[in-house]
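FYI, the numbering for the sequence shown is 1327 to 1607, going by this note's numbering.
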Amino acid sequence: MTQNATPPRVLTIAGSDSGGGAGLQADLRTFFACGVHGMTAVTAVTVQNSLGVTGVSVIPPEVVAAQIETVADDIGVLAAKTGMLATAEIIAAVAKACDRVHIGRDGRIPFVVDPVAASMHGDPLLRDDAMSALRTELFPRATLVTPNLDEVRLLIGHDVRTHADAREAAKALHALGPQWALVKGGHMHDDPECVDVLYDGETFLELPATRIDTIHTHGGGDTMASSIASALARGMAVPDAVRFGKWFVTNAVKHAYPLGSGVGPVSAFWRLPDDGAFSLS
Ligand code: PXL
1327 MTQNATPPRV LTIAGSDSGG GAGLQADLRT FFACGVHGMT AVTAVTVQNS
1377 LGVTGVSVIP PEVVAAQIET VADDIGVLAA KTGMLATAEI IAAVAKACDR
1427 VHIGRDGRIP FVVDPVAASM HGDPLLRDDA MSALRTELFP RATLVTPNLD
1477 EVRLLIGHDV RTHADAREAA KALHALGPQW ALVKGGHMHD DPECVDVLYD
1527 GETFLELPAT RIDTIHTHGG GDTMASSIAS ALARGMAVPD AVRFGKWFVT
1577 NAVKHAYPLG SGVGPVSAFW RLPDDGAFSL S
């Protein structure tokens, strides 16, 4: 009997995007392109296309927790990440479930917390009262937090305009308890280098990448956090995993494609051969 090796297994705790651009759909594509087995704890179903979100149906917190526990108990989780968490009740259930299955800094399974608050169209993906739950319940459990500049403002009130501001913000985020804080510079539109700042309480690492001129960046944050989680599941240290994630998402933005009449997604397809996919040999 053929017996293949089991690949590293990564869990995303995230919402569904019916348009397939962002959310758990982007996470699963990224996991596939990174050669890891992806698993999902679905938190919410969004009704969405390239023009925006027109509805959200939230999954009961105990169902979110049960998805986390059931895959961890049987399949095993080598790294986990969060995306859209929707409500404070879901965040509390995720924190408890992660503790039970040893996901998070004390349990030692790497845990990337991407504090998703809104879609790029500005549609809310997290209730207003849930931001403080994210700060107090998930940040102290995180191996790494990955806010963009809008999320930094919502989390700690810092208005980041310069690289020095980004370093200050990384310090303030790190003080909330994660092992590492990554302030993503993609939204600093006058910075041609999109510098991300990584901080572990001692050392700053600045990661530049040439800005790509496109409006199609839907799912970019999800793709970055998922590629980082994949690298962590493969045993990389956090700075190398973040370098990998930056490289992965930069290529995904380069290959972003138009979809519908609004904003298109970044593309994990850049890692696949683009010819011969349908040949039988
Ligand atoms: O890209 C952030 C994000 C995460 N999760 C879901 C989303 C979006 C953005 O639209 O829809 C479900």
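Positions of the beta carbon are idealized from the N, C-alpha and C atoms, including for glycine.
This structure is a prediction, so every number in the text was calculated from the model and none was measured.
- Contact annotation: the region 1494–1504 touches the region 1465–1480, with at least three C-beta pairs closer than 8 Å.
- The DSSP-derived three-state label of residue 1457 is helix.
- Of the residues assessed, residue 1389 falls on the exposed side of the cut-off, its CB having fewer than 16 other CB atoms within 10 angstroms.
- For the pair residue 1553 and residue 1460, the Cα-to-Cα distance works out to about 21 Å.
- If you check the CB distance, residue 1464 and residue 1559 do not come in under 8 Å.
- Looking at the DSSP output, residue 1435 sits in a beta bridge with 1429 and 1430.
- Contact annotation: residue 1410 and residue 1370 have beta-carbon atoms nearer than 8 Å.
- With fewer than 16 neighbouring CB atoms inside 10 Å of its own CB, residue 1434 falls in the exposed class.
- DSSP places residue 1335 within a strand segment (E or B) once states are collapsed to three.
- Cβ atoms of residue 1365 and residue 1417 stay farther apart than 8 Å, at about 19 Å.
- Placement of the Cβ of residue 1372 at a distance of less than 7 Å from at least one heavy atom of ligand 1 is found.
- With a threshold of 16 other beta carbon atoms within 10 Å, residue 1477 meets it and is buried.
- Non-local beta-carbon contacts of residue 1414 in its own chain, meaning distances under 6 Å to residues more than five positions away in sequence, involve 1455, 1456 and 1459 in chain order.
- Counting the other Cβ atoms within 10 Å of the Cβ of residue 1394 gives 16 or more, which makes it buried.
- Per DSSP, the beta-bridge partners of residue 1506 are 1470.
- Within the same chain, and ignoring the five residues on either side of residue 1424 in sequence, the residues whose Cβ sits closer than 8 Å to its Cβ are 1394, 1406, 1430, 1433, 1437 and 1467.
- The way I'd put it, the region 1584–1595 does touch the region 1373–1382; three or more beta-carbon pairs between them come closer than 8 Å.
- Assigned with DSSP and collapsed to three states, residue 1340 falls in strand.
- Distance from the CA of residue 1564 to the CA of residue 1382, rounded to the nearest whole angstrom, comes to 33 Å.
- In this structure, DSSP gives residue 1365 an extended state, which the three-state scheme calls strand.
- Boundaries for residue 1530: no alpha helix (DSSP H) harbours it, while the beta strand (DSSP E) harbouring it runs 1530–1533, taken from the DSSP string.
- The three-state secondary structure of residue 1501, taken from DSSP, is coil.
- One thing to note: residue 1594 has its Cβ within 8 Å of the Cβ of residue 1359.
- When distances are taken from the beta-carbon of residue 1445 to the heavy atoms of ligand 1, the shortest one is below 7 Å.
- For the pair residue 1549 and residue 1529, the Cα-to-Cα distance works out to about 25 Å.
- In the assembly as shown, residue 1329 is an exposed residue. Its beta-carbon has fewer than 16 other beta-carbons within 10 Å.
- Residue 1396: member of the alpha helix (DSSP H) spanning 1387–1400, first to last residue.
- Runs of the beta strand (DSSP E) spanning 3 or more residues and lying entirely within the region 1520–1593 occur at 1522–1525 and 1530–1533, in chain order.
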